[in-house]
Structures are given as C-alpha cells and as structure tokens.
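Worksheet for the structure shown next.
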Amino acid sequence: MEKMPYQPGLERAQTIATPSTVTTSNWRVSLPVLAGDNFILRELRPDDAATLLAMLSTEEVARFISPPPTTIEGFQTFIAWTLQQRELGNYICYGVVPSGMTTAIGLFQLRSLEPGFGSCEWGFALGSAYWGTGLFVEGARALLTFGVDVLGTQRFEARAAVANGRGNGALRKIGAVQEGVLRRSFLRSGQYYDQVLWSILAEDWRLQRIELPAIAVH
Numbered sequence: 019m020e021k022m023p024y025q026p027g028l029e030r031a032q033t034i035a036t037p038s039t040v041t042t043s044n045w046r047v048s049l050p051v052l053a054g055d056n057f058i059l060r061e062l063r064p065d066d067a068a069t070l071l072a073m074l075s076t077e078e079v080a081r082f083i084s085p086p087p088t089t090i091e092g093f094q095t096f097i098a099w100t101l102q103q104r105e106l107g108n109y110i111c112y113g114v115v116p117s118g119m120t121t122a123i124g125l126f127q128l129r130s131l132e133p134g135f136g137s138c139e140w141g142f143a144l145g146s147a148y149w150g151t152g153l154f155v156e157g158a159r160a161l162l163t164f165g166v167d168v169l170g171t172q173r174f175e176a177r178a179a180v181a182n183g184r185g186n187g188a189l190r191k192i193g194a195v196q197e198g199v200l201r202r203s204f205l206r207s208g209q210y211y212d213q214v215l216w217s218i219l220a221e222d223w224r225l226q227r228i229e230l231p232a233i234a235v236h
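Just so you know, the sequence shown maps onto residues 19 to 236 in this note's numbering.
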C-alpha cells in the first residue's frame, strides 16, 4: 500500500471457525479487539508512537513502504489521522501488540476502494524482530476474517514490489492469488518499482479458514 499520508503496508483473523461466529461491530465508533494466542490487534493509541517509530523506521522495514514519519510527533499525527478516517468509514488501522507488550510493534490496515468496504486494499508492516515468528500469518488471518464477517468485504487487494521477496512470500503463504504486475507503479527514494497485484476473495477465504482455530473478538 503506498498512497495515504503514511501507508506502511506492503509497499502497499486467528480465524473464525464458522462465518456466523462474529455478527456485527459498530467499528466507526471503536474497532473491536481481535485476540489470538500470542497477540492482540487493537486500535492505535498515542502511546504507540514511540514504539512504531523504533520498529518501522529501520532501513530493512522501510525499504519497500511509503516513508514513515521520522518523529514521535509525526506518528502521533498519523495515529490521529487513522481515527478520523475510521470515523468517516474510509480506512481501518490495527496496531499489532504481541503478548507481554502494551504498545504496538506493527500495523495492519484496510482502505476502502468503494463505499462500504465491498472491496478494499490491505497491507501491513511489522518490526523486523518479529519477522518469521508467525505473527504476520496469525494477524493477517484475523484481519481478513474481520473484513469478511464484520465489514462484508468481498475482495481484498494487496501490492508488493517485485523486489520484495519477503512481502510477496508472506502474501502467497496466506493464500493470496497473483493477478498481475503493475509496471513502475511505486516510487520510493527516487526509484520506480514494479509491483505484484495480489487478491483474496471472500469465498476463497471462507473455504481456506474452515479448519483454522477460532479467534476471540471483543
């Protein structure tokens, strides 16, 4: 994801056992907390700014995402913006909080591509210390299930630079389908990158998650 004031996504849930497990959420007022075995996804708070700055501004994390804020105040401004956009029904941003921590070490986000989130673009960014821990897979499942069961999303799109092998591998791992390559579609540090366009459809996700463990939604 690479188009909002700050979109950490790919250069830009645990899963419900049955579609009826989650009914509804007044998410424009407050996002429901999604709880897995080793993490929670919750709405961002101002005190997440320092941890997000430390985790997402390193070269290895920031290489293929839109430039993140460079100060704590910049992240606080971004967090305030996410709340405003959520209230407008345009955008949802979850902070990733591992067990044993109180502040977010990464983000999952959804941007509506049409009124009502029928289709949306999604992305993520995690501190590199949490790469390879399974946190992405579990968190992505939580986000997708929230999108399907609560928002009613039918199509999820994600973009990743062709050169971003880790990001593309992560999307493939959760069952995303490669639809094509968007040539020279992402500008970063004066260089244009080709991006892979990935998609997940609601019906495919329902089939995929049948045998996955359930997630708690609060």
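No residue lacks a Cβ here, since even glycine has one placed at the ideal position from N, Cα and C. It should be emphasised that the depicted structure is a prediction, and the values quoted were computed from it without experimental measurement.
In the DSSP assignment, L144 falls within the unbroken beta strand (DSSP E) covering 137 to 144. Residue range 77 to 80 is occupied by the alpha helix (DSSP H) that includes V79. Taking L200 as reference, the option from F174, G193, Y211 with the minimal CA-CA separation is Y211. Here DSSP, grouped into helix, strand and coil, assigns D212 to strand. For the pair of segments examined, the stretch 92 to 101 was found not to touch the stretch 137 to 155: the number of CB pairs separated by less than 8 angstroms stays below three. Separation of V180 and S203 (C-alpha to C-alpha, rounded to the nearest whole angstrom) is 11 angstroms. Under the 8 angstroms Cβ criterion, the stretch 43 to 62 counts as touching the stretch 100 to 114, having at least three qualifying pairs.
In the DSSP assignment, G187 falls within the unbroken alpha helix (DSSP H) covering 183 to 191. Sequence-distant partners of S130 (beyond 5 residues in either direction) whose C-beta falls short of 6 angstroms from its own C-beta, in its chain, are N108, C138. The alpha-carbon of A80 is positioned some 34 angstroms away from that of I228. In the DSSP assignment, L128 falls outside any alpha helix (DSSP H) and lies within the beta strand (DSSP E) extending over 124 to 130.
In the structure shown, the three-state DSSP call for R227 is coil. Annotation for G198: the continuous beta strand (DSSP E) segment containing it runs 195 to 206. Nearest C-alpha to Q172 among L128, R190, A188, K191: L128. R177 sits in a strand when the DSSP states are folded into three classes. Beta-bridge partners assigned by DSSP to G134: none are found. For A158, the CB contacts under 6 angstroms within the same chain, skipping 5 residues up- and downstream, are I192 in chain order. Judged by their CB atoms, A122 and T69 are nearer to each other than the 8 angstroms cut-off. In the DSSP assignment, L161 falls within the alpha helix (DSSP H) that extends over 153 to 164. Within its own chain, the residues whose Cβ lies closer than 6 angstroms to the Cβ of F126, once the five positions on either side in sequence are excluded, are Y112, F142, G157, L161, listed in chain order.
DSSP, read as helix, strand or coil, puts L52 in strand.
Using a 10 angstroms sphere on the CB of P116, the tally of other CB atoms reaches 16 or more, which defines it as buried.
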